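Student: Got a structure for you, written out below as structure tokens; questions coming shortly.
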Amino acid sequence: KPYECPECGKRFSQRSNLIVHQRTHIGKRPYKYGQCEKRFSQSSELKQHQRICFGQWPYECPECGKRFSWSSHLMIHQRSHTGEQQQIHTDERPFHCPDCGKGFRYNATLVTHQRIHTRERP
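Per my numbering: the sequence shown = residues 2 to 123.
Take a look at the structure:
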């Protein structure tokens, strides 16, 4: 992991993750939600909060009725009812970019994609 936090020594494989981490040391929260004045260190945290504030829980478990704001969270939850693992050769894209909403089959692909939003080069 080539990126090290000068404050605490924690290491990261991606520069963007180091930048987000460093905000915890200085309390920087650049993403502000105008409805309730709450601030967040990551845009994904802001988007999640907006869904909660607006009561947007569109994904409902057909088994127990529990609701989720993200389809990927529902998919993970549904496994608790069946005990099954996710099928690998499906067209499901449970990992969604919090910045643009694009879906991916694998979390690693999402992480690589997120670099376009931070302008980080691989």
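Backbone N, C-alpha and C fix where the C-beta goes; we use that ideal spot for every residue, glycine too. Note that the structure is predicted; figures quoted are calculated from it, not measured.
Leaving out five residues on either side along the sequence, give the residues of the same chain with a beta carbon under 6 Å from the beta carbon of residue 94.
Tutor: Residue 94 sits at position 93 when you count from the first residue of the sequence shown. If we look at residue 94 and ignore the five residues flanking it on each side, its Cβ neighbours are 104, 105 and 106.
Student: For residue 12, which residues does DSSP report across the bridge?
Tutor: Residue 12 sits at position 11 when you count from the first residue of the sequence shown. In DSSP, residue 12 forms a bridge with 5.
Student: What residues match up with residue 22 in a beta bridge as DSSP calls it?
Tutor: As a first step, residue 22 is located in the sequence shown; it is residue number 21 there, counting from the start. DSSP output for residue 22 lists no bridge partner at all.
Student: Would you please verify whether the beta carbon of residue 83 is less than 9 Å from any beta carbon of chain D?
Tutor: Protein chain content of the structure displayed is limited to a single chain, and chain D is not contained in it.
Student: Would you grab the beta carbon distance between residue 33 and residue 24 for me? Rounded to a whole angstrom, and I think it's under 8 Å.
Tutor: Taking the first residue of the sequence shown as position 1, residue 33 is located at position 32. Taking the first residue of the sequence shown as position 1, residue 24 is located at position 23. With 8 Å as the limit, residue 33 and residue 24 do not qualify as a contact, their Cβ atoms being about 14 Å apart.
Student: Looking only at C-alpha atoms, which of 51, 22 and 43 sits nearest to residue 35?
Tutor: Here residue 35 refers to the residue found at position 34 when the sequence shown is read from its first residue. Among 51, 22 and 43, the Cα nearest to that of residue 35 belongs to 51.
Student: Where does residue 33 sit, in a helix, a strand or coil, going by DSSP?
Tutor: Taking the first residue of the sequence shown as position 1, residue 33 is located at position 32. The answer is strand: DSSP assigns residue 33 an E or B state.
Student: Would you mind reading off the limits of the alpha helix (DSSP H) that contains residue 73?
Tutor: Here residue 73 is taken as the residue at index 72 of the sequence shown, counted from 1. Residues 72 to 83.
Student: To the nearest angstrom, report how far apart residue 75 and residue 26 are at their CA atoms.
Tutor: Taking the first residue of the sequence shown as position 1, residue 75 is located at position 74. Taking the first residue of the sequence shown as position 1, residue 26 is located at position 25. Going by the C-alpha atoms only, they are around 33 Å apart.
Student: Taking the alpha-carbon positions, what's the residue 77 to residue 69 distance?
Tutor: Counting from one through the sequence shown, the residue named residue 77 turns up at place 76. Counting from one through the sequence shown, the residue named residue 69 turns up at place 68. Going from the Cα of residue 77 to the Cα of residue 69 covers about 11 Å.
Student: Indicate whether residue 112 and residue 43 have their beta-carbon atoms separated by less than 9 Å.
Tutor: Here the question's residue 112 lines up with position 111 in the sequence shown. Here the question's residue 43 lines up with position 42 in the sequence shown. The answer is no: Cβ separation not under 9 Å.
Student: Hey, could you find the ends of the alpha helix (DSSP H) residue 52 is sitting in?
Tutor: Within the sequence shown, residue 52 is the residue found at index 51, counting from 1. Residues 44 to 54.
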